[in-house]
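Numbering (our numbering), first residue to last: 16 to 262.
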């Protein structure tokens with residue numbers, strides 16, 4: 016177990032009708048840790064990620080953030096989602112608002128910052144993700160990689176305790192993937208707590224503290240990248256790696 020747990024899942028179960036998508040999940044993410052979740056399609060990776068900020072409910076088990084159970088609704092839930100940022104496959108930017116306004120909006124609405132303060136913070140973060148000169152543009156004027164970096168800046172603007180990434184590069188053209196991964200690597204180096212669902216094995220090797228391998232709704236392995244990629248313990252993981260690493 017991590018020395019200073021920030022996110023804790025205990026005996027978590029989730030069903031979609033008869034389909035048991037999360038089965039007795041136990042996972043601890045320490046403060047400042049980067050945990051990468053990998054596995055075949057349909058293994059429950061994204062569902063697991065989405066339970067951490069209550070985008071998916073669970074039938075049984077407990078999830079805690081900073082020692083407190085996740086709230087179900089109301090202001091407490093809004094506060095949780097401010098504390099646990101989420102970056103999706105699709106960028107979810109407001110098409111009719113500028114890049115600057117996209118990053119500032121939730122700061123004003125949720126964090127109750129003054130507009131000038133929010134805009135100042137937004138410009139700092141756009142600079143951090145390499146987009147300082149894109150502030151006055153609209154999302155349609157940006158590449159997919161740039162839009163995803165705006166989405167990361169927007170999540171960071173809330174000063175979250177942790178960031179969740181649900182396959183953040185899967186909608187991108189290959190040449191744009193690395194510009195997003197590089198921002199994520201820098202966040203990892205800066206000590207941001209991150210849970211990342213991805214198919215990018217290079218990122219898992221280079222940036223993760225731990226690799227969690229899922230299959231059929233269960234956590235099959237939870238190990239360091241070196242242990243997992245050089246000597247996976249389960250036949251299921253060996254089969255998965257043999258297929259994904261040969262490309």
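The beta carbon of each residue, even a glycine, is placed where N, CA and C say it ideally should be.
| Check | Outcome |
| --- | --- |
| Across which residues does DSSP place residue 125 in a beta bridge pair? | Its beta-bridge partners do not exist; DSSP assigns none. |
| Any idea what DSSP makes of residue 71, helix, strand or coil? | coil |
| Tell me the rounded alpha-carbon separation between residue 160 and residue 236. | 31 Å |
| Starting from the C-beta of residue 60, find all residues in its chain whose C-beta is less than 6 Å away, skip the five residues before and the five after it, and write them out in chain order. | 52, 54, 212, 229 |
| Here's the rule I'm using: 16 or more other beta-carbon atoms within 10 Å means buried, otherwise exposed. How should residue 117 be labelled? | buried |
| For residue 174, does the count of other Cβ atoms within 10 angstroms reach 16, so buried, or fall short, so exposed? | exposed |
| Among the candidates 171, 88, 114, whose CA atom is the shortest distance from the CA of residue 207? | 171 |
| Closer than 8 Å is the cut-off here; do at least three beta carbon pairs connect the stretch 103–111 with the stretch 66–83? | no |
| Which whole-angstrom value describes the C-beta separation of residue 255 and residue 220, a residue pair presumed to lie in contact below a C-beta threshold of 8 Å? | 15 Å between Cβ atoms; not a contact. |
| Are there 16 or more other CB atoms within 10 angstroms of the CB of residue 259, so buried, or fewer, so exposed? | exposed |
| Are residue 119 and residue 130 touching if we call contact CB-CB under 8 Å? | yes |
| Identify every run of the alpha helix (DSSP H) within the stretch 203–231, keeping only runs that are complete inside it and at least 4 residues long; order them along the chain. | 216–222 |
| Do you know offhand how far residue 35's Cα is from residue 232's? | 7 Å |
| Using 10 angstroms around the beta-carbon of residue 241, count the other beta-carbons present and answer buried if the total reaches 16, otherwise exposed. | exposed |
| Are the CB atoms of residue 84 and residue 77 nearer to each other than 8 Å? | yes |
| Measuring alpha carbon to alpha carbon, tell me which residue in 253, 246, 234, 166 is nearest residue 40. | 234 |
| Short check: CB of residue 101 to CB of residue 21, under 8 Å? | no |
| Going by C-alpha to C-alpha distance, which of 121, 24, 181 sits closest to residue 56? | 181 |
| Return helix, strand or coil for residue 177, following the three-state DSSP convention. | strand |
| Return the Cβ separation of residue 165 and residue 114 in integer angstroms, given the expectation that the two are a contact with Cβ distance under 8 Å. | 5 Å |
| Report the rounded CA-to-CA distance for residue 82 versus residue 95, giving the unit in angstroms. | 13 Å |
| Reducing DSSP to helix, strand and coil, say where residue 184 ends up. | coil |
| Using a Cβ-Cβ cut-off of 7 Å (strictly less than) and excluding sequence neighbours within five positions of residue 196, which residues of its own chain qualify? | 184, 215, 218 |
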